[in-house]
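Chains as they are written, first to last, in my numbering: chain A, 17 to 483; chain B, 17 to 483. First up is the structure itself, then whatever we jot down about it.
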């Protein structure tokens, strides 16, 4: 393995972290980075580097990197741009393995001096094969290492899990993280690429492909200098780990915004989308879907075939979900005669008993609901199940049997649900079902159906690329 | 005013409610209806009708409607279908003004007897000009009268407000209500039409148009027998109150589901959409957008012109929102020279200072952020503002000045925002800004931009229909 890749492992799993520019002034980013590391519970050694400081958050300061001895794996750098080349040289000298460069003011500024500085830093880092996240980034978080190497301590509120988010925008990373708290999504890593000195999407995909904590990769892309390299790495990953991408910058005004923002032109939107498709990357049209699809990718087994069953506790959400299925090319399959006979025995004739099944008339019979779900789970025609149920106190009893069934069934097919209830009725149980991997849940049937469609799309691409 | 319309007022604002089929058995809907009325804090008189019962939830039972004297405005009926015609006759005899008929088993069942019963009930109700919500409904809620006439007590958790939801599906009503809790949406009424004995969309639109508590009407439609009548009533309302509709049943399988569900064929989806457009009804493609657009319609002033400003605290969300604006035909306008000069004085040259404005570089200067927002608010070229900001502890100070500005500005133009933060950072302040009418907030920039697009679409239709 080359040194760069080896250093990537240290970058994300350091034994020790130095904060170059640590501060006890809450108006400084160096303060918030220290708070992120300490509040996040980083178990390794923390070195606050501040020549004038005594102690920050109870940890003794060091005047320089050299004073830490030969012990720093990761340096988080938050000093002014002009000082960064000197810091980089010290990093090399002290055998630092990886750098998170939060400082802004390089390639993205109008002054050509910014681009010069950028090239200077790249030369130093590349020569030493030190991977650098940034510059102009909020940082990165490795949830499995309890490493919050960012200026946002609140990222540590997110649930540890299996989605790796790699993003070209700090704002979008924060947005998706905060949405993730609402939506009970679990992350392995969140990485803000910033201006991408030498860690770009391609390098991250290559690294994450080998990362056992990451089961799905979500990309937020504005515009990149080397899309060919991303596509090439993604192709190598296809079939091993699903990748979903959200690309903005389709708007005319977007090109200008992106140039100013991260120093790259957004470029032709459609060309990106075609390249992503070719690389086996599933694309989505908005931020909520990026998170939704990533969640399905990370927590669902692969559906076999595109035959879908729609089971709903109430007809309306079933119709809404079925509309999306049909629009997205999912087949709402016919059940086998055995399954159909079983359902007919459990539902009165007034119900819609063929797929999509309206289980409403069995709503007060927990064993009938469980029986229908079980029969459909066991049906070989069915590759995945969409389950839509609204609960309140009047009908909550009907689902307890089904919950046990879902838990014991061990997720042989994806069960993607919209189970929604008012606070205190069944929300904790839904979280519990998600935790144990029985379901992946969304707050509308349309979001659930779109996630299923993406899952089937990826399964199909994978089969094609293998065959 | 005719007696039917007058009775509609009593139906939604009764002084007294009888529950025909009230029960103290939690396995019965009559129990949950009683719980809804009592927990919801209905201030009027409640008559539980149960020939065998003594007392339900501390309220004395009455053996019959007649025993209540001439005092019942609204009867909620939850007895078996076969008994309902007798109950209806008693309602007429006792001068009941309105009925909510929760009981199922009429037009939607295969047995032709169901349709016969339906017609029989319609004849009784129509002759007496008694409006009937249902049959086959969860009921209805009038939040301003503290009247929860449904079998779901949890509807009383929703916030009182100005969205009236009229829905052909109980499941969808529950879904939208529970989403409303998450999304801080306020409702005036939620009405489950069920099989529509004599209260259909047309009658509800006519009634809600005159309802001072309702500022926006949201429709969930599967398929209706008399779409012409809906379109005609909606046309009469256009320009007075905005209407947004979500129509499902585009899927092939949907027609079958709708027939079985509420006794109507979903019909040709595209024809509905064209008719809605003609009637000045804005349509949306999913349940989340139905709620989102209704919220904007109920709580935003009408934008003048389609010129939009996009102000973002971070470039990524700004790009995502701008993409949607362009796709939806919103114009991201040029500022007046005065506004542009002001912004140029507040943002360094490295920022994108033209519209869409990336306020990121001013992120640590609360007065600069407030100054930019103020300048754009006062710009005559700008008809509406999209404001995207992600907050965490590192940057929360920058927004306090802006919050005061938004509150004092008195909403002369719509300010639609995506202001998102982790729990405990700024979520309460966002709610407070919504409560006082300063902003309407969404959890992604794309949802905010789509809501603005719908608002502009409605403003345009209104102008056209007036001119």
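Backbone N, C-alpha and C define an ideal beta-carbon position, used for all residues, glycine too.
Within chain B, the residues placing a beta-carbon under 8 Å from that of residue 236(A) are 332, ordered along the chain. Here the alpha carbons of residue 38(A) and residue 49(A) stand approximately 7 Å from one another.
With a contact defined as Cβ atoms closer than 8 Å, residue 139(A) and residue 181(A) miss out at about 29 Å. In the DSSP assignment, residue 221(B) forms no beta bridge with any residue. Within the region 421-452 of chain B, those residues whose Cβ lies closer than 8 Å to any Cβ of chain A are, in chain order, 434, 436, 437, 438, 439 and 441. If you check the CB distance, residue 371(B) and residue 431(B) do not come in under 8 Å. Nearest neighbour of residue 26(B) by Cα position, chosen from 377(B), 463(B) and 90(B), turns out to be 90(B).
Excluding five sequence positions before and after residue 78(A), the CB atoms of its chain that fall closer than 6 Å to its own CB belong to 63, 65 and 84, given in chain order.
Taken through DSSP and simplified to helix, strand or coil, residue 202(A) comes out as strand. In its chain, beyond the 5 residues on either side, 399, 400, 429, 430, 471, 472 and 475 have a beta carbon closer than 7 Å to the beta carbon of residue 319(B). Where residue 64(A) is concerned, the enclosing beta strand (DSSP E) starts and stops at 61-65.
For residue 176(B), the pairing in a beta bridge is given by DSSP as 203(B).
Excluding the 5 residues flanking it on each side, residue 297(A) has same chain C-beta neighbours closer than 6 Å at 250, 259 and 261, in chain order. Residue 377(A) and residue 188(A) have their C-alpha atoms roughly 44 Å apart.
Within 7 Å of the CB of residue 190(A), the CB atoms of chain B belong to 406 and 408, in sequence order along the chain. Taken through DSSP and simplified to helix, strand or coil, residue 127(A) comes out as coil. Proximity of residue 468(B) to chain A, defined by a Cβ-Cβ separation below 8 Å, is not satisfied. Relative to residue 243(B), the option among 292(B), 267(B), 213(B) and 201(B) whose CA is nearest is 292(B). The C-beta separation of residue 40(A) from residue 69(A) comes to about 7 Å, placing the pair in contact by the 8 Å criterion. Listed along chain A are 438 and 439, each with a C-beta nearer than 8 Å to that of residue 197(B). Residue 332(A) sits away from residue 405(A), with the two beta carbons spaced by 8 Å or more.
Counting C-beta atoms within 10 angstroms of its own C-beta, residue 129(B) has fewer than 16 neighbours from the protein chains shown and is therefore classed as exposed. The C-alpha of residue 309(B) is placed about 19 Å away from the C-alpha of residue 228(B). Proximity of residue 134(B) to chain A, defined by a Cβ-Cβ separation below 8 Å, is not satisfied. DSSP places residue 452(A) in the coil class of the three-state scheme, outside both helix and strand.
Ranked by Cα distance from residue 451(A), the first of 237(A), 116(A), 311(A) and 345(A) is 311(A). Along the region 298-312 of chain A, the positions whose C-beta sits under 7 Å from a C-beta of chain B are 302, 303 and 304, read in chain order. Boundaries of the beta strand (DSSP E) harbouring residue 114(B): 114-117, taken from the DSSP string. Counting only the Cα atoms, residue 99(A) lies some 41 Å from residue 342(B). Closest option to residue 155(A), judged by alpha-carbon separation, among 87(A), 344(A) and 209(A): 209(A). For residue 178(A), no chain B residue has a C-beta closer than 8 Å to its own C-beta; the minimum C-beta separation is roughly 21 Å. Within the DSSP secondary-structure output, residue 435(A) pairs in a beta bridge with 405(A).
Residue 331(B): member of the alpha helix (DSSP H) spanning 331-343, first to last residue. Sequence-distant partners of residue 111(A) (beyond 5 residues in either direction) whose C-beta falls short of 7 Å from its own C-beta, in its chain, are 86. For secondary structure counted as the beta strand (DSSP E) over 3 or more consecutive residues, the region 121-171 of chain B holds these complete runs in sequence order: 155-158 and 163-166. Within its own chain, the residues whose Cβ lies closer than 6 Å to the Cβ of residue 407(B), once the five positions on either side in sequence are excluded, are 437, 441 and 442, listed in chain order.
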